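When you line the sequence shown up against mature numbering (1 follows the signal peptide of the UniProt record, and there is no 0), it's residues -17 to -1, 1 to 306, in that order.
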Amino acid sequence: MRPVLLSLLLLPTLAGAAAPKAQEPFVFQGVERIVAVADVHGDVDALKEVLRLAGLIDAKDHWVGGKAHLVQTGDLPDRGDHTRDAFELLMRLETEARKAGGRVHPLLGNHELMNMRGDLRYVTPGEFASFADQSATPDGPGEPKGLHGHAAAYASDGRYGKWLRTHPAVIRINDTLFLHGGLAPTVPGTTLEEVNRWVWQDLTPGSAPGGGVDPQGPVWFRGYAIDDEAKWDAGLTQVLERFGARRMVMGHTPSKDGRLSVRFGGRVIVIDTGLSTHYGRHLAALELRGDRVTALYPEGRVPLLPTPKAAPAPRPEAKTGTK
(Lines of atoms letter the chains of each structure in order from A and count residues from 1; the text may use other names and numbers.)
(Lines give C-alpha, C1' and ligand atoms only; values in the text may rest on other atoms or scores of the structure.)
Protein backbone atom coordinates (compact mmCIF):
# COMPACT_ATOMS: atom_id res chain seq x y z
CA MET A 1 0.00 0.00 0.00
CA ARG A 2 1.34 3.46 -0.89
CA PRO A 3 2.41 5.68 2.07
CA VAL A 4 0.03 8.51 1.06
CA LEU A 5 -2.98 6.15 0.92
CA LEU A 6 -2.04 4.63 4.29
CA SER A 7 -1.86 8.12 5.84
CA LEU A 8 -5.32 8.99 4.52
CA LEU A 9 -6.80 5.82 5.96
CA LEU A 10 -5.31 6.55 9.37
CA LEU A 11 -6.58 10.15 9.54
CA PRO A 12 -10.06 9.41 10.99
CA THR A 13 -8.56 7.21 13.71
CA LEU A 14 -5.94 9.77 14.67
CA ALA A 15 -8.48 12.60 14.68
CA GLY A 16 -10.77 10.63 16.97
CA ALA A 17 -7.94 9.83 19.36
CA ALA A 18 -6.90 13.49 19.56
CA ALA A 19 -10.42 14.84 20.23
CA PRO A 20 -10.55 16.36 23.74
CA LYS A 21 -12.99 14.91 26.24
CA ALA A 22 -16.01 17.15 26.71
CA GLN A 23 -15.87 19.09 29.99
CA GLU A 24 -19.13 19.73 31.78
CA PRO A 25 -19.51 23.53 31.95
CA PHE A 26 -20.40 23.59 35.64
CA VAL A 27 -17.56 21.41 36.91
CA PHE A 28 -14.18 22.87 37.91
CA GLN A 29 -11.24 20.62 38.76
CA GLY A 30 -7.79 21.13 40.21
CA VAL A 31 -8.69 24.16 42.34
CA GLU A 32 -6.27 24.59 45.23
CA ARG A 33 -8.32 26.95 47.42
CA ILE A 34 -12.08 27.50 47.58
CA VAL A 35 -13.90 30.03 49.76
CA ALA A 36 -17.69 29.90 50.06
CA VAL A 37 -19.92 32.64 51.47
CA ALA A 38 -23.67 32.29 52.00
CA ASP A 39 -26.70 34.60 52.04
CA VAL A 40 -25.89 38.35 51.88
CA HIS A 41 -29.41 39.86 51.81
CA GLY A 42 -28.40 43.35 50.78
CA ASP A 43 -25.62 43.81 53.35
CA VAL A 44 -22.69 44.63 51.10
CA ASP A 45 -20.53 45.84 54.02
CA ALA A 46 -20.81 42.45 55.75
CA LEU A 47 -19.91 40.75 52.46
CA LYS A 48 -16.81 42.94 52.04
CA GLU A 49 -15.73 42.28 55.62
CA VAL A 50 -15.94 38.52 55.11
CA LEU A 51 -14.04 38.69 51.82
CA ARG A 52 -11.28 40.65 53.55
CA LEU A 53 -11.30 38.14 56.39
CA ALA A 54 -10.73 35.40 53.80
CA GLY A 55 -7.92 37.35 52.13
CA LEU A 56 -9.78 37.69 48.82
CA ILE A 57 -10.07 41.50 48.59
CA ASP A 58 -7.91 44.37 49.80
CA ALA A 59 -8.85 47.53 51.68
CA LYS A 60 -10.06 49.10 48.42
CA ASP A 61 -12.27 46.08 47.59
CA HIS A 62 -10.11 44.74 44.76
CA TRP A 63 -9.35 41.06 44.19
CA VAL A 64 -6.15 39.82 45.83
CA GLY A 65 -7.17 36.15 46.03
CA GLY A 66 -4.96 35.00 43.17
CA LYS A 67 -6.13 31.64 41.77
CA ALA A 68 -8.66 30.99 44.53
CA HIS A 69 -12.31 30.34 43.66
CA LEU A 70 -14.98 32.28 45.55
CA VAL A 71 -18.48 30.78 45.64
CA GLN A 72 -21.38 32.94 46.77
CA THR A 73 -24.27 30.52 47.28
CA GLY A 74 -27.11 32.88 46.39
CA ASP A 75 -29.54 35.28 48.08
CA LEU A 76 -27.72 38.52 47.43
CA PRO A 77 -31.02 40.48 47.32
CA ASP A 78 -33.90 41.30 49.70
CA ARG A 79 -34.15 42.31 53.36
CA GLY A 80 -31.38 44.93 53.00
CA ASP A 81 -30.93 48.25 51.20
CA HIS A 82 -27.62 47.60 49.42
CA THR A 83 -28.37 44.71 47.09
CA ARG A 84 -27.34 46.71 44.07
CA ASP A 85 -23.95 47.46 45.59
CA ALA A 86 -23.48 43.73 46.25
CA PHE A 87 -24.28 42.96 42.61
CA GLU A 88 -21.81 45.57 41.39
CA LEU A 89 -19.08 44.28 43.70
CA LEU A 90 -19.35 40.67 42.48
CA MET A 91 -19.68 41.73 38.85
CA ARG A 92 -16.37 43.56 39.12
CA LEU A 93 -14.67 40.83 41.15
CA GLU A 94 -15.65 38.25 38.51
CA THR A 95 -13.49 40.10 35.99
CA GLU A 96 -10.62 40.80 38.37
CA ALA A 97 -10.46 37.20 39.60
CA ARG A 98 -10.38 35.78 36.07
CA LYS A 99 -7.46 38.04 35.17
CA ALA A 100 -5.58 36.66 38.19
CA GLY A 101 -6.35 33.04 37.32
CA GLY A 102 -9.12 32.67 39.91
CA ARG A 103 -12.90 32.64 39.65
CA VAL A 104 -15.95 34.16 41.32
CA HIS A 105 -19.12 32.07 41.17
CA PRO A 106 -22.30 33.95 42.17
CA LEU A 107 -24.99 31.24 42.27
CA LEU A 108 -28.75 31.65 42.02
CA GLY A 109 -30.74 31.48 45.24
CA ASN A 110 -34.48 31.54 45.73
CA HIS A 111 -34.46 35.32 46.25
CA GLU A 112 -32.73 35.97 42.91
CA LEU A 113 -35.42 33.84 41.26
CA MET A 114 -38.18 35.63 43.18
CA ASN A 115 -37.02 39.08 42.10
CA MET A 116 -36.65 38.06 38.46
CA ARG A 117 -40.14 36.52 38.56
CA GLY A 118 -41.73 39.59 40.16
CA ASP A 119 -42.17 38.23 43.70
CA LEU A 120 -41.24 41.34 45.68
CA ARG A 121 -42.43 40.44 49.18
CA TYR A 122 -39.02 40.94 50.80
CA VAL A 123 -37.73 44.02 48.93
CA THR A 124 -37.10 46.91 51.33
CA PRO A 125 -38.10 50.53 50.52
CA GLY A 126 -34.43 51.54 50.39
CA GLU A 127 -33.68 48.63 48.09
CA PHE A 128 -36.46 49.69 45.68
CA ALA A 129 -35.21 53.29 45.74
CA SER A 130 -31.66 52.28 44.80
CA PHE A 131 -32.94 51.05 41.40
CA ALA A 132 -34.87 54.23 40.54
CA ASP A 133 -32.42 55.32 37.82
CA GLN A 134 -32.88 52.06 35.88
CA SER A 135 -36.17 53.20 34.31
CA ALA A 136 -37.51 56.48 32.95
CA THR A 137 -41.08 55.41 33.79
CA PRO A 138 -42.30 57.40 36.80
CA ASP A 139 -43.65 55.47 39.76
CA GLY A 140 -47.35 55.94 40.32
CA PRO A 141 -49.19 57.22 43.38
CA GLY A 142 -48.86 54.73 46.22
CA GLU A 143 -46.08 52.77 44.48
CA PRO A 144 -42.66 52.46 46.13
CA LYS A 145 -40.04 54.81 44.75
CA GLY A 146 -37.94 52.80 42.31
CA LEU A 147 -40.56 50.10 41.60
CA HIS A 148 -40.31 50.50 37.81
CA GLY A 149 -36.52 50.79 37.93
CA HIS A 150 -36.37 47.58 39.96
CA ALA A 151 -38.50 45.75 37.38
CA ALA A 152 -36.32 47.05 34.53
CA ALA A 153 -33.09 46.09 36.32
CA TYR A 154 -34.22 42.48 36.86
CA ALA A 155 -35.71 42.03 33.38
CA SER A 156 -34.01 39.68 30.93
CA ASP A 157 -32.36 42.67 29.22
CA GLY A 158 -31.81 44.65 32.45
CA ARG A 159 -28.41 45.30 33.98
CA TYR A 160 -28.78 42.73 36.75
CA GLY A 161 -31.38 40.42 35.27
CA LYS A 162 -29.23 39.80 32.21
CA TRP A 163 -26.19 39.11 34.41
CA LEU A 164 -28.05 36.80 36.80
CA ARG A 165 -29.43 34.75 33.92
CA THR A 166 -25.87 33.80 32.95
CA HIS A 167 -25.31 32.08 36.30
CA PRO A 168 -26.20 28.56 37.43
CA ALA A 169 -27.84 27.30 40.59
CA VAL A 170 -25.41 24.41 41.13
CA ILE A 171 -21.72 23.87 40.42
CA ARG A 172 -19.12 21.32 41.44
CA ILE A 173 -15.57 22.31 42.32
CA ASN A 174 -13.19 19.39 42.81
CA ASP A 175 -15.32 16.92 44.80
CA THR A 176 -17.79 19.39 46.34
CA LEU A 177 -21.22 20.50 45.14
CA PHE A 178 -22.16 24.13 45.89
CA LEU A 179 -25.72 25.44 45.78
CA HIS A 180 -28.25 27.46 47.71
CA GLY A 181 -30.71 24.94 49.14
CA GLY A 182 -29.90 21.31 48.44
CA LEU A 183 -30.09 18.61 45.77
CA ALA A 184 -32.99 16.40 46.80
CA PRO A 185 -33.05 12.77 45.64
CA THR A 186 -35.95 13.69 43.33
CA VAL A 187 -33.89 16.19 41.33
CA PRO A 188 -34.06 15.28 37.63
CA GLY A 189 -31.08 14.69 35.38
CA THR A 190 -27.68 13.10 35.61
CA THR A 191 -25.58 16.20 34.86
CA LEU A 192 -25.41 19.62 36.49
CA GLU A 193 -26.25 21.18 33.13
CA GLU A 194 -29.60 19.37 33.19
CA VAL A 195 -30.26 20.51 36.75
CA ASN A 196 -29.44 24.13 35.94
CA ARG A 197 -31.65 24.08 32.86
CA TRP A 198 -34.47 22.80 35.06
CA VAL A 199 -34.03 25.91 37.24
CA TRP A 200 -33.64 28.32 34.32
CA GLN A 201 -36.89 27.23 32.70
CA ASP A 202 -38.74 29.23 35.37
CA LEU A 203 -37.17 32.37 33.91
CA THR A 204 -38.68 31.69 30.48
CA PRO A 205 -42.29 32.89 30.14
CA GLY A 206 -44.66 30.12 29.08
CA SER A 207 -42.43 27.27 30.26
CA ALA A 208 -43.68 24.52 32.53
CA PRO A 209 -42.80 24.99 36.23
CA GLY A 210 -39.24 23.90 36.95
CA GLY A 211 -36.58 23.80 39.63
CA GLY A 212 -36.76 27.51 40.37
CA VAL A 213 -40.20 27.14 41.97
CA ASP A 214 -40.31 23.47 42.94
CA PRO A 215 -40.25 23.17 46.78
CA GLN A 216 -37.68 20.39 46.39
CA GLY A 217 -35.68 22.27 43.76
CA PRO A 218 -32.06 23.24 44.46
CA VAL A 219 -32.84 26.80 45.54
CA TRP A 220 -35.60 25.81 48.00
CA PHE A 221 -34.95 22.34 49.50
CA ARG A 222 -34.04 22.37 53.21
CA GLY A 223 -34.21 18.67 54.07
CA TYR A 224 -30.48 18.15 54.58
CA ALA A 225 -30.29 21.24 56.80
CA ILE A 226 -33.23 20.75 59.15
CA ASP A 227 -34.62 17.17 59.04
CA ASP A 228 -33.47 14.12 60.95
CA GLU A 229 -30.45 12.74 59.11
CA ALA A 230 -31.92 9.24 58.96
CA LYS A 231 -34.70 10.54 56.71
CA TRP A 232 -32.32 11.60 53.95
CA ASP A 233 -29.13 9.58 54.47
CA ALA A 234 -29.73 7.09 51.68
CA GLY A 235 -31.00 9.77 49.32
CA LEU A 236 -28.00 11.99 49.98
CA THR A 237 -25.66 9.09 49.23
CA GLN A 238 -27.46 8.45 45.94
CA VAL A 239 -27.35 12.12 44.89
CA LEU A 240 -23.67 12.53 45.69
CA GLU A 241 -22.83 9.39 43.72
CA ARG A 242 -24.97 10.51 40.78
CA PHE A 243 -23.12 13.83 40.47
CA GLY A 244 -19.65 12.52 41.37
CA ALA A 245 -19.27 14.46 44.60
CA ARG A 246 -18.02 13.83 48.12
CA ARG A 247 -20.03 16.52 49.89
CA MET A 248 -22.60 19.28 49.45
CA VAL A 249 -22.19 22.89 50.64
CA MET A 250 -25.30 25.07 50.92
CA GLY A 251 -26.73 28.27 52.40
CA HIS A 252 -30.45 29.13 52.63
CA THR A 253 -31.09 27.95 56.22
CA PRO A 254 -29.66 30.31 58.86
CA SER A 255 -28.01 28.65 61.84
CA LYS A 256 -29.26 29.46 65.33
CA ASP A 257 -25.80 30.00 66.80
CA GLY A 258 -24.10 31.95 63.99
CA ARG A 259 -21.72 29.07 63.21
CA LEU A 260 -21.23 26.78 60.23
CA SER A 261 -22.97 23.44 60.64
CA VAL A 262 -21.57 20.01 59.69
CA ARG A 263 -24.08 17.19 59.09
CA PHE A 264 -24.17 13.65 57.73
CA GLY A 265 -20.62 12.92 58.85
CA GLY A 266 -19.21 15.82 56.84
CA ARG A 267 -21.13 15.11 53.64
CA VAL A 268 -23.25 18.24 54.18
CA ILE A 269 -21.99 21.64 55.34
CA VAL A 270 -24.53 24.42 55.90
CA ILE A 271 -22.80 27.80 55.71
CA ASP A 272 -25.66 30.29 56.25
CA THR A 273 -24.67 31.79 59.60
CA GLY A 274 -26.85 34.91 59.29
CA LEU A 275 -24.24 37.13 57.63
CA SER A 276 -26.52 40.11 57.06
CA THR A 277 -27.53 42.69 59.65
CA HIS A 278 -31.11 41.46 59.25
CA TYR A 279 -30.07 38.09 60.72
CA GLY A 280 -27.60 39.34 63.33
CA ARG A 281 -24.45 39.89 61.22
CA HIS A 282 -22.63 36.68 62.09
CA LEU A 283 -19.58 36.88 59.83
CA ALA A 284 -18.24 33.57 58.54
CA ALA A 285 -16.95 31.77 55.46
CA LEU A 286 -15.95 28.23 54.54
CA GLU A 287 -12.50 27.39 53.19
CA LEU A 288 -11.59 24.17 51.38
CA ARG A 289 -7.96 23.29 50.70
CA GLY A 290 -7.46 19.69 49.66
CA ASP A 291 -8.71 17.59 52.58
CA ARG A 292 -8.71 20.56 54.98
CA VAL A 293 -12.19 21.96 55.71
CA THR A 294 -12.04 25.14 57.79
CA ALA A 295 -14.49 27.72 59.12
CA LEU A 296 -13.25 31.32 58.94
CA TYR A 297 -14.53 33.55 61.73
CA PRO A 298 -13.40 37.04 62.86
CA GLU A 299 -11.81 35.44 65.92
CA GLY A 300 -9.87 32.86 63.91
CA ARG A 301 -9.84 29.63 61.92
CA VAL A 302 -11.68 26.53 63.16
CA PRO A 303 -11.14 23.09 61.54
CA LEU A 304 -14.53 21.52 60.79
CA LEU A 305 -13.42 18.00 59.87
CA PRO A 306 -10.43 15.95 60.96
CA THR A 307 -7.69 15.96 58.35
CA PRO A 308 -6.88 12.41 57.25
CA LYS A 309 -3.50 11.38 58.61
CA ALA A 310 -0.85 10.48 56.08
CA ALA A 311 0.03 6.80 55.99
CA PRO A 312 3.22 6.10 57.95
CA ALA A 313 6.32 5.48 55.87
CA PRO A 314 7.13 1.78 55.58
CA ARG A 315 9.83 0.62 57.92
CA PRO A 316 13.03 -0.49 56.20
CA GLU A 317 13.27 -4.22 56.01
CA ALA A 318 15.98 -5.88 58.08
CA LYS A 319 18.81 -7.18 55.98
CA THR A 320 19.21 -10.94 56.02
CA GLY A 321 21.96 -13.21 54.85
CA THR A 322 24.94 -15.23 55.97
CA LYS A 323 28.26 -13.87 57.00
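The C-beta atom is built at its ideal place from N, Cα and C for all residues, glycine as well. Predicted model only: the values in this text are computed from it and were never measured.
In this structure, I254 is the residue among R230, A191, I254 with its C-alpha nearest to the C-alpha of D22.
One alpha carbon belongs to R155, the other to L258, and they sit about 23 Å apart.
Counting the other Cβ atoms within 10 Å of the Cβ of T169 gives fewer than 16, which makes it exposed. Taking a C-beta distance under 8 Å as the contact criterion, L219 and G249 do not qualify as a contact pair.
If you look at Q55, you'll find it in the beta strand (DSSP E) that goes 52 to 55.
Note that the C-beta distance between F9 and N179 is below 8 Å. Look at E270 here: in three-state DSSP terms it is strand. Under the three-state reduction of DSSP, I254 is assigned to coil, being neither helix nor strand.
Non-local C-beta neighbours of Q199 in its own chain, meaning closer than 7 Å and more than five positions away in sequence, comprise A167, T169, ordered along the chain.
Secondary structure of L147 (DSSP, three-state): helix. Per DSSP, reduced to three states, the secondary structure at P108 is helical. The shortest C-alpha to C-alpha distance from M99 to any of A83, Y105, F111, A138 is the one to A138. H150 is the residue among H150, G132, G101 whose C-alpha sits nearest the C-alpha of Q55. Here A191 carries a coil assignment [DSSP, helix/strand/coil]. Shortest Cα-Cα distance from G165 to any of L223, E79, T174, Q12 involves L223. Taking C-beta atoms as the reference points, L90 and V182 fail to come closer than 8 Å. Straight through space, the alpha carbons of P127 and A152 are spaced by roughly 30 Å. Within the same chain, and ignoring the five residues on either side of P60 in sequence, the residues whose Cβ sits closer than 6 Å to its Cβ are T66, H94, N98.
Distances from the alpha-carbon of L243 to those of L266, H261, Y262, F226 put L266 closest. Between T277 and the set Y262, E79, G263, I252, the nearest pair of CA atoms involves I252.
With fewer than 16 other Cβ atoms inside 10 Å of its own Cβ, I209 counts as exposed. In this structure, the straight-line span from the alpha carbon of R35 to that of G189 is close to 43 Å. Separation of V232 and L162 (C-alpha to C-alpha, rounded to the nearest whole angstrom) is 7 Å. Listed in chain order, the alpha helix (DSSP H) elements of length 4 or more contained wholly in the segment 173 to 227 are 175 to 183, 206 to 209, 212 to 225.
Exclusion of the five residues before and after A29 leaves V23, L258, S259, T260, R264, L266 as the residues of its chain whose Cβ lies within less than 8 Å of its Cβ. Under the three-state reduction of DSSP output, V27 falls in the helix class.
Boundaries around F70 are those of the alpha helix (DSSP H), 66 to 82, since no beta strand (DSSP E) includes it. Counting only runs of at least 4 residues, the segment 86 to 139 fully encloses the following alpha helix (DSSP H) elements, listed from N- to C-terminal order: 93 to 99, 108 to 113, 130 to 137.
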